[in-house]
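Student: Those protein sequences? They're chains W and B, same order as listed.
Residues 4 to 725, numbered by my numbering, are exactly what the first sequence covers, in order.
Residues 17 to 187, numbered by my numbering, are exactly what the second sequence covers, in order.
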Amino acid sequence: MTNPRRDYEDRLIETALREKFGGARPPDLSERVLAALAGNDVKPAAAAKERRFTLRAVALIAVSACLLLAVALGSWELSPEQVVHEERAVGDVAINWAGSHQALPPNYRTSLEVELAALTRHAAAVDAERRRRSESPQLLVTPRIAHIAEAEAQSAYQVPVEENAAARYDAHVSERYAETDLPQVQAVVSQAALADQAKFDALGKAYKSERPQFNAERAEMLRHKILNLRQDRGQGPGEGGDQYARIVENPFLRTLESPLSTFSIDVDTASYAKVRMYLLQQGMLPPPDAVRIEELVNYFDYDYDGPEDEHPFAAHLEAAECPWNPTHRLVRIALKGREIEKERPGSNLVFLLDVSGSMDQPNKLPLVKAGMKMLVRQLSENDRVAIVVYAGAAGLVLSSTPGSEQATILEAIDRLHAGGSTNGGEGIRLAYQTALDHFLEGGVNRVILCTDGDFNVGVTSTGELTRLAEEQAKAGVFLSVLGFGMGNHNDAMLEELSGKANGNYAFIDTESEARKVLVEQMAGTLVTIAKDVKIQVEFNPAEVAAYRLLGYENRILAAEDFNDDKKDAGEIGAGHTVTALYEIVPAKASGGREPPDDAALPASPAVDDLKYQSERKLTKNADSGELLTLKLRYKKPDADTSTLMTRPLADAGGRFSAASRDFQFAAAVAAFGMILRGSQHHGTATLDVVEEIAASAKEPDRFGYRAEFLELVKAARRLRGG
Amino acid sequence: MSTATIEARLTPAELVRHHQAAVWRYLRYLGCDAAQADDVTQETFLAVLEKPFEQRSEAATAAYLRTVARNRFLALLRREKNGPTAADVAIAEEVWSQAAGAGEDEYLDSLDDCLMELTGRARRAIELRYRDDRSRREIAAELEMTEDGVKTLLRRTRDALRRCVERRVGA
Numbered sequence: 004m005t006n007p008r009r010d011y012e013d014r015l016i017e018t019a020l021r022e023k024f025g026g027a028r029p030p031d032l033s034e035r036v037l038a039a040l041a042g043n044d045v046k047p048a049a050a051a052k053e054r055r056f057t058l059r060a061v062a063l064i065a066v067s068a069c070l071l072l073a074v075a076l077g078s079w080e081l082s083p084e085q086v087v088h089e090e091r092a093v094g095d096v097a098i099n100w101a102g103s104h105q106a107l108p109p110n111y112r113t114s115l116e117v118e119l120a121a122l123t124r125h126a127a128a129v130d131a132e133r134r135r136r137s138e139s140p141q142l143l144v145t146p147r148i149a150h151i152a153e154a155e156a157q158s159a160y161q162v163p164v165e166e167n168a169a170a171r172y173d174a175h176v177s178e179r180y181a182e183t184d185l186p187q188v189q190a191v192v193s194q195a196a197l198a199d200q201a202k203f204d205a206l207g208k209a210y211k212s213e214r215p216q217f218n219a220e221r222a223e224m225l226r227h228k229i230l231n232l233r234q235d236r237g238q239g240p241g242e243g244g245d246q247y248a249r250i251v252e253n254p255f256l257r258t259l260e261s262p263l264s265t266f267s268i269d270v271d272t273a274s275y276a277k278v279r280m281y282l283l284q285q286g287m288l289p290p291p292d293a294v295r296i297e298e299l300v301n302y303f304d305y306d307y308d309g310p311e312d313e314h315p316f317a318a319h320l321e322a323a324e325c326p327w328n329p330t331h332r333l334v335r336i337a338l339k340g341r342e343i344e345k346e347r348p349g350s351n352l353v354f355l356l357d358v359s360g361s362m363d364q365p366n367k368l369p370l371v372k373a374g375m376k377m378l379v380r381q382l383s384e385n386d387r388v389a390i391v392v393y394a395g396a397a398g399l400v401l402s403s404t405p406g407s408e409q410a411t412i413l414e415a416i417d418r419l420h421a422g423g424s425t426n427g428g429e430g431i432r433l434a435y436q437t438a439l440d441h442f443l444e445g446g447v448n449r450v451i452l453c454t455d456g457d458f459n460v461g462v463t464s465t466g467e468l469t470r471l472a473e474e475q476a477k478a479g480v481f482l483s484v485l486g487f488g489m490g491n492h493n494d495a496m497l498e499e500l501s502g503k504a505n506g507n508y509a510f511i512d513t514e515s516e517a518r519k520v521l522v523e524q525m526a527g528t529l530v531t532i533a534k535d536v537k538i539q540v541e542f543n544p545a546e547v548a549a550y551r552l553l554g555y556e557n558r559i560l561a562a563e564d565f566n567d568d569k570k571d572a573g574e575i576g577a578g579h580t581v582t583a584l585y586e587i588v589p590a591k592a593s594g595g596r597e598p599p600d601d602a603a604l605p606a607s608p609a610v611d612d613l614k615y616q617s618e619r620k621l622t623k624n625a626d627s628g629e630l631l632t633l634k635l636r637y638k639k640p641d642a643d644t645s646t647l648m649t650r651p652l653a654d655a656g657g658r659f660s661a662a663s664r665d666f667q668f669a670a671a672v673a674a675f676g677m678i679l680r681g682s683q684h685h686g687t688a689t690l691d692v693v694e695e696i697a698a699s700a701k702e703p704d705r706f707g708y709r710a711e712f713l714e715l716v717k718a719a720r721r722l723r724g725g
Numbered sequence: 017m018s019t020a021t022i023e024a025r026l027t028p029a030e031l032v033r034h035h036q037a038a039v040w041r042y043l044r045y046l047g048c049d050a051a052q053a054d055d056v057t058q059e060t061f062l063a064v065l066e067k068p069f070e071q072r073s074e075a076a077t078a079a080y081l082r083t084v085a086r087n088r089f090l091a092l093l094r095r096e097k098n099g100p101t102a103a104d105v106a107i108a109e110e111v112w113s114q115a116a117g118a119g120e121d122e123y124l125d126s127l128d129d130c131l132m133e134l135t136g137r138a139r140r141a142i143e144l145r146y147r148d149d150r151s152r153r154e155i156a157a158e159l160e161m162t163e164d165g166v167k168t169l170l171r172r173t174r175d176a177l178r179r180c181v182e183r184r185v186g187a
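#1: On the DSSP bridge assignment, give the partners of E321(W) in chain order.
#2: For P163(W) and Y393(W), what's the separation of their Cα atoms in angstroms?
#3: CA-CA distance, T168(B) and L468(W)?
#4: Taking a cut of 9 Å between CB atoms, which residues from the segment 123–149 of chain B lie near chain D?
#5: Run the CB neighbour count on I107(B), radius 10 Å, all protein chains shown included, and call it buried at 16 or more, exposed below.
#6: Does chain W have any CB closer than 8 Å to the CB of I107(B)?
#7: Rounded C-beta distance between T437(W) and V388(W)? I'm assuming under 8 Å.
#8: Grouping DSSP H, G and I as helix and E and B as strand, with all else coil, what is L20(W)?
#9: Give me the Cα-Cα distance between Y302(W) and T649(W), rounded to the nearest whole angstrom.
#10: Anyone know if the C-beta pair for F712(W) and L631(W) falls short of 8 Å?
#11: When burial is assigned at 16 or more other CB atoms within 10 Å of the CB, is D148(B) buried or exposed?
#12: Measuring only between beta-carbons, confirm whether V716(W) sits less than 8 Å from chain B.
#13: Starting from the Cα of D55(B), find the closest Cα among I142(B), R183(B), R137(B), R88(B) and give me that residue.
#14: Quick one: any contact between the segment 495–514 of chain W and the segment 271–278 of chain W, if contact means 3 or more CB pairs under 8 Å?
#15: How about N448(W) and V480(W): are their beta carbons less than 8 Å apart?
#16: Under 8 Å Cβ to Cβ from L679(W), same chain only, skipping five residues before and after it: list those, please.
#17: When Cβ atoms are compared, which residues of the segment 51–71 of chain B fall closer than 7 Å to chain W?
#18: Counting beta carbon pairs with one atom in the segment 306–325 of chain W and one in the segment 658–674 of chain W, are three or more of them shorter than 8 Å?
#19: Give me the Cα-Cα distance between D128(B) and L31(B), rounded to the nearest whole angstrom.
#20: A27(W): which of V36(W), K339(W), E17(W) sits nearest, CA to CA?
#21: Using the three-state DSSP reduction, which class does Y555(W) fall into: helix, strand or coil?
#22: How is the beta strand (DSSP E) around M355(W) delimited, first residue to last?
#23: What does the alpha-carbon distance come out to for the pair D304(W) and E514(W)?
#24: Considering only the beta carbon of each residue, do T582(W) and R257(W) sit closer than 8 Å?
#25: So, L471(W) versus V450(W), is the Cβ gap smaller than 8 Å?
#26: Can you confirm whether Y11(W), when its beta carbon is compared against all beta carbons of chain B, has any partner nearer than 8 Å?
#27: Can you list, in chain order, the residues of the segment 31–45 of chain B whose Cβ is nearer than 8 Å to any Cβ on chain W?
#28: Expressed to the nearest angstrom, what Euclidean distance is found between the alpha-carbon atoms of D535(W) and L715(W)?
#29: Could you spell out the range, first to last residue, of the beta strand (DSSP E) harbouring I107(B)?
#30: Do A276(W) and M362(W) have their C-beta atoms within less than 8 Å of each other?
#31: Kindly list, in the order they appear in chain W, the residues whose Cβ is closer than 8 Å to that of V185(B).
#32: According to DSSP, is Q285(W) part of a helix, a strand, or is it coil?
#33: Anything in chain B within Cβ reach of A19(W), meaning under 7 Å, just list it in chain order.
#34: On the three-state DSSP scale, how would you describe R664(W)?
#35: Let's test the definition: count the other Cβ atoms within 10 Å of the Cβ of S264(W) and tell me whether it reaches 16, buried, or not, exposed.
#36: Any chance the segment 569–579 of chain W sits against the segment 650–659 of chain W, with 3 or more Cβ pairs inside 8 Å?
Okay, structure coming up:
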């Protein structure tokens with residue numbers, strides 16, 4: 004398989020070599036471009052206004068451009084009615100373009116046909132123009148038309164032209180090209196052709212609104228094609244591009260065959276921030292493997308009650324109708340870590356900063372520095388901060404300094420600048436050494452790694468680094484990973500690294516995200532109240548035919564790992580909430596609905612009966628009416644043995660609308676994740692449903708995160724061309 | 017970054033003069049031949065100057081010009097079945113902006129320095145290929161290597177140069 008990134012890297016150096024050695028210097032096109040500009044009376048760009056497309060204006064320009072051309076040629080006879088018709092048709096397209104399909108008039112198809120006919124005539128007009136120009140070659144520049152083409156190119160990710168029209172158009176353009184050899188004529192034809200293409204695309208969009216079925220399918224197909232393309236970017240170490248580990252969704256499992264579901268908790272939120280960056284900043288749908296449903300759900304604050312007993316966190320269970328499959332039930336496991344009542348324990352922090360050349364972008368090092376400053380301002384004399392940088396060589400730029408010496412620390416942060424390549428291996432050793440040298444008994448000892456991606460020089464197998472981090476976690480120094488920027492982000496490695504090192508992994512794309520992670524959740528990010536937290540759920544086959552865990556794919560544990568204290572798992576910080584959702588296929592009728600019959604079970608086909616063993620017998624507890632029993636194991640931060648908590652759940656058969664707001668909101672977020680992942684289990688969930696549920700369950704929204712989620716849903720809908 | 021600090025807001029003429037070489041170079045890098053690059057460079061500036069836009073910084077303007085050029089390039093190639101896709105071109109932009117984001121002049125100057133470090137057969141092969149525009153077969157004959165050997169040597173040398181330039185640009 005070829006690697007386009009490497010090809011382009013190679014081509015870049017080749018282009019440079021051709022220029023250096025071969026004299027392939029860029030020609031001076033200034034005069035030519037300026038002459039072309041002058042010929043078209045383009046206004047200077049001095050009145051700097053934010054560059055935004057006004058669709059209607061474009062459509063009108065398109066009309067006037069066509070009409071002008073037609074008039075100039077005198078070969079296009081239009082009756083006044085046709086002009087009106089024409090104008091309306093294009094106006095409609097513009098409305099449609101803006102996304103409001105309802106605005107289409109009932110006789111739309113007629114105007115569409117007029118449009119198509121006009122386009123064909125337009126093509127003939129272009130041909131005539133071409134012939135005329137070829138007699139007296141002279142550069143005709145039509146920047147206004149060109150501008151439409153620009154719009155069209157910018158919408159390249161959206162649903163393209165209706166198929167037949169596209170094929171016809173292609174045939175016709177290539178024909179025209181075939182007989183054209185003068186470059187000036189080509190320029191004319193290509194610009195006129197681009198305008199054609201823009202109109203065809205607009206028509207394609209109009210078709211879409213008329214034939215939703217056809218277009219839903221086509222849009223889906225295209226979406227997958229594009230997503231597949233994106234997936235091909237950066238798949239393994241050293242490959243470059245953003246790297247995500249493939250996620251294979253959890254299937255439905257039959258309770259009789261697999262009564263136990265075991266996984267490690269995960270309080271990471273990086274996936275949500277990445278999805279947001281794709282949707283809002285990059286304007287594209289995220290690759291499916293960048294979407295970790297549990298991290299989306301856990302990004303939000305939920306108002307769960309804290310513990311009132313001796314345990315460091317509380318566990319709550321709730322069940323309701325599954326919003327994307329009304330015959331199924333949705334079960335939520337909700338954990339809430341104890342808030343720290345008294346003073347935060349002292350912290351011994353070592354920032355490990357990637358200052359390689361690639362960090363020199365506005366959304367990387369400057370954001371790291373801003374985030375660090377926010378955090379440092381929260382510190383007191385009980386805390387210590389050190390800064391280790393790594394690039395070509397690793398170095399200690401700030402030896403461990405008390406938090407009260409703010410000026411010294413802030414000054415050191417200001418001095419940081421990017422340059423060099425990365426030697427993460429050396430840096431991480433130095434950082435851990437610094438943390439150990441100033442180890443705070445009973446306090447927080449943590450290395451905070453800020454990077455944009457890969458550790459790409461030196462001793463850096465992922466395995467080796469992870470082992471190092473794992474060892475250090477046992478010695479009491481935990482790791483937080485903060486990811487920045489896009490381009491060569493090794494998501495898979497960073498997640499594994501933080502997971503093994505009793506850490507957390509967040510992705511920081513904006514200053515407000517930096518504030519959320521480093522200030523609002525500082526206690527949680529820094530102060531671990533329980534580690535190696537594992538969840539095991541035993542389902543009752545009398546009540547549950549099959550179940551499916553939403554997300555946590557890379558956190559699944561074997562059933563026997565649950566009681567094995569040597570197997571590590573996720574940590575939970577002070578005040579953190581953790582949410583997990585199961586979709587359940589009931590074994591019995593509930594809420595007046597019949598259970599699905601066995602053939603309709605979404606689970607994989609049943610295996611044959613065993614030859615040498617008979618099936619397990621139900622215990623008398625199976626009649627209790629309980630759906631499941633939740634078992635939790637955790638260790639205190641400094642303990643080596645785990646403590647067990649258990650909670651049973653009986654389903655009262657409540658409807659979704661009667662569920663708590665947090666339950667509803669989490670369900671909407673999970674459904675959103677399934678849609679973005681292209682999950683086969685998303686049932687009846689659509690972005691509209693997600694928006695409706697999330698909007699109704701939005702309050703309370705102290706920091707505006709839920710409102711922002713609604714923005715993401717809207718952006719996703721736009722990008723899917725919905 | 018070009019060494020001179022440019023007043024952020026340029027007149028159209030200044031804008032064209034200042035950025036046209038880079039746009040052309042970029043289009044060549046994307047895969048245009050020289051004539052296509054000439055035409056698309058012109059189209060790019062016409063499209064950009066058609067509407068007012070905010071010139072926030074030189075780098076932002078350069079990036080915007082690249083985006084328009086890229087879209088033009090894609091539109092030009094849309095008919096070709098095996099042409100690069102939007103995803104390919106997005107990767108091309110990533111590579112460009114990471115490597116040459118600091119400015120093409122710096123990139124080229126660093127390449128000069130790195131070329132000084134080349135010796136022996138690698139240097140000879142690069143000179144033959146890019147200065148004298150010799151075919152792979154001619155180079156193979158001159159250096160008494162197989163054609164595949166020349167291909168590998170050139171690719172490795174370009175790789176080493178690329179890493180060297182990256183180090184220098186980053187430093």
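By construction, the Cβ of each residue, glycine as well, lies at the ideal position given by its N, Cα and C atoms.
Keep in mind it's a predicted model, so treat the numbers as computed, not measured.
Tutor: This is what the structure gives:
#1: According to DSSP, E321(W) bridges with R335(W).
#2: Interpretation of P163(W) is limited by its pLDDT of 36, a score under 50 that renders its predicted location unreliable; the figure taken from the coordinates is listed afterwards. Looking at the two C-alpha atoms, the distance is approximately 46 Å.
#3: In this structure, the CA atom of T168(B) is about 33 Å from the CA atom of L468(W).
#4: Absent here is chain D; the protein component of the structure consists of chains W and B.
#5: The residue in question, I107(B), is buried, as its Cβ has 16 or more Cβ neighbours within 10 Å.
#6: For I107(B), the nearest CB of chain W lies under 8 Å from its own CB, placing it at the interface with that chain.
#7: Going by Cβ atoms, the distance from T437(W) to V388(W) rounds to 10 Å, so no, they are not a contact pair.
#8: Here L20(W) sits in helix by DSSP.
#9: Counting only the Cα atoms, T649(W) lies some 25 Å from Y302(W).
#10: No, these two residues do not count as a Cβ contact at 8 Å.
#11: Around the beta-carbon of D148(B), fewer than 16 other beta-carbon atoms lie within 10 Å, marking it exposed.
#12: No, V716(W) does not count as interfacial toward chain B.
#13: Among I142(B), R183(B), R137(B), R88(B), the Cα nearest to that of D55(B) belongs to R88(B).
#14: In the pairwise beta carbon analysis, the segment 495–514 of chain W is classified as touching the segment 271–278 of chain W: at least three pairs are separated by under 8 Å.
#15: In this structure, N448(W) places its C-beta atom within 8 Å of the C-beta atom of V480(W).
#16: By the criterion of a C-beta distance shorter than 8 Å, L679(W) is surrounded in its chain by V278, L288, P289, P291, V294, A719, once the five residues flanking it on both sides are discounted.
#17: Answer in chain order: A51, D54, D55, T57, Q58, E59, F61, L62, A63, L65, E66, K67, P68, F69, E70, Q71.
#18: Cβ pair count under 8 Å is three or more, so yes.
#19: Spanning the two alpha carbons is a distance of roughly 27 Å.
#20: The shortest C-alpha separation from A27(W) is found at E17(W).
#21: The answer is coil: DSSP assigns Y555(W) none of H, G, I, E or B.
#22: Looking at the sequence itself, residue 355(W) is Leu, so the reference to Met does not match. 350–357 is the extent of the beta strand (DSSP E) around L355(W).
#23: Between D304(W) and E514(W), the C-alpha separation is close to 19 Å.
#24: With contacts defined by Cβ atoms closer than 8 Å, T582(W) and R257(W) do not form a contacting pair.
#25: Against a cut-off of 8 Å, the Cβ pair of V450(W) and L471(W) comes out as no contact.
#26: Yes, contact with chain B.
#27: Residues of the segment 31–45 of chain B with a C-beta less than 8 Å from any C-beta of chain W: L31, V32, R33, Q36, A37, A38, W40, R41, R44, Y45, listed in chain order.
#28: Those two C-alpha atoms are separated by around 33 Å.
#29: First-last for I107(B): 102–115, but that is the alpha helix (DSSP H), not the beta strand (DSSP E).
#30: In this structure, A276(W) keeps its C-beta atom at 8 Å or more from the C-beta atom of M362(W).
#31: Residues of chain W with a Cβ closer than 8 Å to the Cβ of V185(B) are, in chain order, G360.
#32: In the structure shown, Q285(W) sits in a helix (DSSP, three-state: H, G or I).
#33: Those within 7 Å of A19(W) in chain B are Y123, L124, L127.
#34: R664(W): helix per DSSP, three-state reduction.
#35: Burial call: buried.
#36: Flag = no, the segment 569–579 of chain W and the segment 650–659 of chain W do not touch.
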